[in-house]
Structure formats: structure tokens, C-alpha cells
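In our numbering, the protein residues as written are 48 to 175.
Following this line, the structure appears as C-alpha cells:
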């Protein structure tokens with residue numbers, strides 16, 4: 048997948064999580080996917096699939112954790128969100144479109160590009 052990856056290219060792992068996860072692992076790429084929950088969506092991102100040569104630095108972890116807290120506080124994600132350090136998950140995202148947008152920003156962030164995350168979840172940084 049390109050970095051940043053447009054949301055429409057992200058896999059829907061609703062019925063194929065294992066297949067999507069194994070594919071990311073085989074490609075040594077960050078796993079990112081959405082799952083449908085009725086009208087809502089789930090976002091899953093995992094940097095373990097890249098392998099030991101990829102690290103997620105503390106600035107990225109901090110930005111992702113802060114964004115997740117803002118999403119939970121703004122009721123764009125459920126309180127059961129999981130915030131790192133290498134695996135991130137949001138349940139209860141209001142729509143598939145928003146889930147895809149957030150998944151794409153998580154993907155970019157896990158490769159060190161925080162600007163898409165700052166635009167999608169404003170309020171976390173000097174420009175957000």
C-alpha cells in the first residue's frame with residue numbers, strides 16, 4: 048500500500064481478518080484494516096507485522112494515543128479503544144467512511160507521517 052494510503056484502498060477485514068493480517072505480515076507492512084459493525088466501523092492497525100526492523104517512536108505513540116483519546120471523548124470511538132504501543136483499535140466509529148479515513152491516518156502515522164492524523168483528528172498539536 049502507498050504511504051499515506053487512501054482510505055478506499057484499505058482492506059475490509061470484516062470476514063477476512065486472518066487473510067488480511069497474514070498478507071500484511073508476508074509483505075512486511077503495517078497491518079491496517081476496517082471492519083463493519085452494522086452502520087458503524089472498527090479500525091485496526093498493527094505495526095508488529097512489519098518485523099523487528101520497524102519501530103514506532105514515542106512521538107508517534109503519543110500522537111496516536113492523544114488522537115484516540117480525543118476520538119473517544121468526542122464519541123467518535125468507543126471507550127474500549129486500544130491505544131498502542133504497536134497495536135491500535137477503535138470500535139464504534141460512526142461510519143465506514145470515517146473508519147477508512149482514520150485507518151488511513153493511523154497507517155501513515157505508523158510510518159512516521161503525523162500530518163494526516165493531525166488533519167483528521169484536530170486539536171493535538173501546534174497545527175491541529
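Note that beta-carbon positions come from the ideal geometry of N, C-alpha and C, so glycine has one too.
Exercise for the section: Below 8 Å on the Cβ atoms is my guess for residue 77 versus residue 154; work out the distance and round it to an integer in Å. Expected result: At roughly 6 Å, the Cβ-Cβ gap stays under 8 Å, so residue 77 and residue 154 are in contact.
Problem - Check whether residue 156 and residue 164 have beta carbons under 7 Å apart - result: Going by C-beta atoms, residue 156 is nearer than 7 Å to residue 164.
Problem - residue 151 beta carbon less than 7 Å from that of residue 139 - result: In this structure, residue 139 lies away from residue 151, with their beta-carbon atoms at least 7 Å apart.
Exercise for the section: Starting from the C-beta of residue 63, find all residues in its chain whose C-beta is less than 6 Å away, skip the five residues before and the five after it, and write them out in chain order. Expected result: So the list is empty, once near-sequence residues are dropped.
Practice task
Using the Cα positions of residue 115 and residue 167, report the straight-line distance between them to the nearest angstrom.
Solution key: It is roughly 11 Å from the alpha-carbon of residue 115 to the alpha-carbon of residue 167.
Practice task
With DSSP as the reference, label residue 162 as helix, strand or coil.
Solution key: The answer is helix: DSSP assigns residue 162 an H, G or I state.
Problem - Range covered by the beta strand (DSSP E) that runs through residue 184 - result: This structure leaves residue 184 out entirely; the chain is present only between 48 and 175.
Exercise for the section: Quick one: using the 10 Å Cβ neighbour count with 16 as the cut-off for buried, is residue 60 buried or exposed? Expected result: So residue 60 counts as buried.
Exercise for the section: Starting from residue 83, trace the beta strand (DSSP E) both ways and give me its first and last residue. Expected result: Residues 78-84.
Handout entry: Status (buried if at least 16 other CB within 10 Å, exposed otherwise) for residue 169
Key = Counting Cβ neighbours within 10 Å, residue 169 comes out exposed, since fewer than 16 surround it.
Exercise for the section: Report the option in 68, 82 and 74 whose CA atom is closest to the CA atom of residue 141. Expected result: Residue 82 holds the alpha-carbon nearest to the alpha-carbon of residue 141 among 68, 82 and 74.
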